[in-house]
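Participant:
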Amino acid sequence: MDKYRKVFKPKEETVKSEEEIRVTAAGSVSAYVSRAATVFNELNKSFVIVQATGNALTKAVTAAEVIKRRFKGLHQITELKSIEIVDEYEPLEEGLDKVTDTRSLPVIEIKLSKEPLDTSDKGYQPPLDESQVTEYDAEEMARGRGRGRGRGDGKG
5 MDKYRKVFKP KEETVKSEEE IRVTAAGSVS AYVSRAATVF NELNKSFVIV
55 QATGNALTKA VTAAEVIKRR FKGLHQITEL KSIEIVDEYE PLEEGLDKVT
105 DTRSLPVIEI KLSKEPLDTS DKGYQPPLDE SQVTEYDAEE MARGRGRGRG
155 RGDGKG
């Protein structure tokens, strides 16, 4: 492949709705939880959609589980899909043909709703028992867990 160069295509701009939370592998779960709080409390939406692709799938599942444990009575529908991505490579030398590479990228979409969802859907999960839910508190989330600086002994 050292005789080829990848052709970069401009990305299509997809407009995302207010209810959608796009999870990346680099983002923090607490940021996604606070975004869900904003959607539910300030924007008064009845549902949120957590969406991720590739390496971020596990983080999306983690974020959805934490969100379910912060807000009472959330119904869940999980949908797994895959999208085809076509990479095109052009030759750097004369006489070589263009090469295309098609890869399949996994996508997860988790819908968390305060209203009941379609219970016959194969990805449906009922709300958690209220004993497992700790209501979301913005001040408590911002405070941190006491991993302070300490006295500085033994670092460096």
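Its first residue numbered 5, the sequence shown is counted upward by one per residue in the working numbering. Glycine included, every Cβ here is placed at the ideal spot set by N, Cα and C.
His64 to Ser32, Cα distance in whole Å?
Facilitator: Locating residue 64 in the sequence shown gives position 60, counting from the first residue. Locating residue 32 in the sequence shown gives position 28, counting from the first residue. One detail in the question is off: residue 64 reads as Ala in this sequence, not His. For Ala64 and Ser32, the distance between alpha carbons rounds to 10 Å.
Participant: Which of the three DSSP states is assigned to Arg39 in this structure?
Facilitator: Along the sequence shown, one-based indexing puts residue 39 at 35. Residue state, collapsed to three classes: helix.
Participant: Just how far apart, CA to CA, sit Thr57 and Ala30?
Facilitator: By one-based count along the sequence shown, residue 57 stands at place 53. By one-based count along the sequence shown, residue 30 stands at place 26. Taking the straight line joining both Cα atoms gives about 12 Å.
Participant: Assign Val11 to buried or exposed, taking buried as 16 or more other Cβ atoms, counted over all protein chains shown, within 10 Å of its Cβ.
Facilitator: As a first step, residue 11 is located in the sequence shown; it is residue number 7 there, counting from the start. Its Cβ having fewer than 16 others within 10 Å, Val11 is exposed.
Participant: Does the segment 112-122 come within contact of the segment 67-79, defined as at least 3 CB pairs closer than 8 Å?
Facilitator: Verdict: yes, contact present.
Participant: Leaving aside the five residues before and after Ala60 along the sequence, list all residues of the same chain whose C-beta is less than 7 Å from its C-beta, in chain order.
Facilitator: In the sequence shown, counting from the first residue as 1, residue 60 sits at position 56. Around Ala60: Val27, Thr28, Ala29.
Participant: Taking buried to mean at least 16 other C-beta atoms within 10 Å of its own C-beta, is Ala35 buried or exposed?
Facilitator: The residue you call residue 35 lines up with position 31 of the sequence shown. With fewer than 16 other Cβ atoms within 10 Å, it is exposed.
Participant: My understanding is that Arg73 touches Gln129, with C-beta atoms under 8 Å, so please give their C-beta distance in whole angstroms.
Facilitator: Along the sequence shown, read from residue 1 onward, the residue named residue 73 stands at position 69. Along the sequence shown, read from residue 1 onward, the residue named residue 129 stands at position 125. Arg73 to Gln129, Cβ: 13 Å. No contact.
Participant: Please check the pair Glu24 and Ile53, which I expect to be a contact at CB under 8 Å, by giving their CB distance rounded to whole angstroms.
Facilitator: As a working mapping, residue 24 is identified with position 20 in the sequence shown. As a working mapping, residue 53 is identified with position 49 in the sequence shown. At roughly 5 Å, the Cβ-Cβ gap stays under 8 Å, so Glu24 and Ile53 are in contact.
Participant: Can you round the beta-carbon distance between Val111 and Ile87 to whole angstroms, since I take them to be within the 8 Å contact cut?
Facilitator: Along the sequence shown, read from residue 1 onward, the residue named residue 111 stands at position 107. Along the sequence shown, read from residue 1 onward, the residue named residue 87 stands at position 83. Right, the Cβ-Cβ distance comes to about 6 Å (below 8 Å), so this counts as a contact.
Participant: Thinking C-beta only, is Glu92 closer than 9 Å to Lys13?
Facilitator: The count along the sequence shown starts at 1 and reaches residue 13 at position 9. The count along the sequence shown starts at 1 and reaches residue 92 at position 88. Yes, the pair counts as a contact, with Cβ atoms nearer than the cut-off.
Participant: CB-CB under 6 Å to Glu97, same chain, minus the five flanking residues each way: which ones, in chain order?
Facilitator: Here the question's residue 97 lines up with position 93 in the sequence shown. So the list reads Lys7, once near-sequence residues are dropped.
Participant: With DSSP as the reference, identify every bridge partner of Glu24, one or two as the case may be.
Facilitator: Here residue 24 refers to the residue found at position 20 when the sequence shown is read from its first residue. Paired residue(s): Ile53.
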